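**Student:**
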Amino acid sequence: MKRTLIVVCIGCFCLSAMGQFFSKEEKAAKEKEKKAAMKSSLQEAEQKVIYIEFCHAQQEAHDKAARMHPVKIHHTPEQRESRTIKAEKTAAALMNPYREEIAKKHSISVEYLAEIVKTGKEEEWPDGIEAPPEEE
Numbered sequence: 466m467k468r469t470l471i472v473v474c475i476g477c478f479c480l481s482a483m484g485q486f487f488s489k490e491e492k493a494a495k496e497k498e499k500k501a502a503m504k505s506s507l508q509e510a511e512q513k514v515i516y517i518e519f520c521h522a523q524q525e526a527h528d529k530a531a532r533m534h535p536v537k538i539h540h541t542p543e544q545r546e547s548r549t550i551k552a553e554k555t556a557a558a559l560m561n562p563y564r565e566e567i568a569k570k571h572s573i574s575v576e577y578l579a580e581i582v583k584t585g586k587e588e589e590w591p592d593g594i595e596a597p598p599e600e601e
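Count the sequence shown with our numbering and you get residues 466 to 601, in order.
(1) Once you ignore the five residues that flank I567 on each side, which residues in its own chain have a CB closer than 8 Å to its CB?
(2) Would you decide whether K570 is buried or exposed? Buried here means 16 or more other CB atoms lie within 10 Å of its CB.
(3) At the level of alpha carbons, what is the spacing between A510 and H527?
(4) Using the C-alpha atoms, what's the distance from A552 back to A531?
(5) Label Q508 either buried or exposed according to how many other C-beta atoms from any shown protein chain fall within 10 Å of its C-beta, with 16 as the threshold for buried.
(6) Out of E525, M533 and K554, which one is the CA nearest neighbour of I602?
(7) Considering only the beta carbon of each residue, do R548 and H540 sit closer than 8 Å?
(8) By the 10 Å Cβ neighbour count, where 16 or more other Cβ atoms means buried, how is I573 classified, buried or exposed?
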């Protein structure tokens with residue numbers, strides 16, 4: 466009888482430790498709390514630095530993609546459109562390692578990095594990329 470009681474207690478403890486006894490609502494609430502805690506864990510100035518770093522990486526990815534799939538003046542409109550689409554897809558693929566690198570460097574998740582970028586775009590933070598000089 467004691468052995469059965471001990472086995473049942475250990476089983477309940479293991480299941481509760483693994484979250485089997487929690488409802489989906491409780492799990493969602495805990496996840497929201499984690500995200501809120503993570504969001505408030507970084508100062509806005511540090512988030513802006515991460516956003517600027519992301520913008521530089523994005524610009525570099527677009528530049529590499531444009532060099533890989535250049536649009537020439539002698540191309541037909543269909544070829545230009547095709548090259549532009551290929552460059553956009555390549556830039557998106559090139560951004561994945563940059564995202565992971567930035568997240569690892571700042572010890573944050575890729576999801577949190579996406580939240581920082583979203584916040585930066587919504588609040589129109591400066592991206593730190595200088596516009597090319599205008600020709601007169």
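All residues carry an ideal CB built from backbone N, CA and C; glycine is no exception.
For clarity, every value in this text was computed on a predicted model and none was experimentally measured.
**Tutor:** On the basis of the data shown:
(1) I515, E518, F519, A522 and L578
(2) exposed
(3) 26 Å
(4) 6 Å
(5) exposed
(6) This structure cannot speak to residue 602, because the chain is shown only from 466 to 601.
(7) yes
(8) buried
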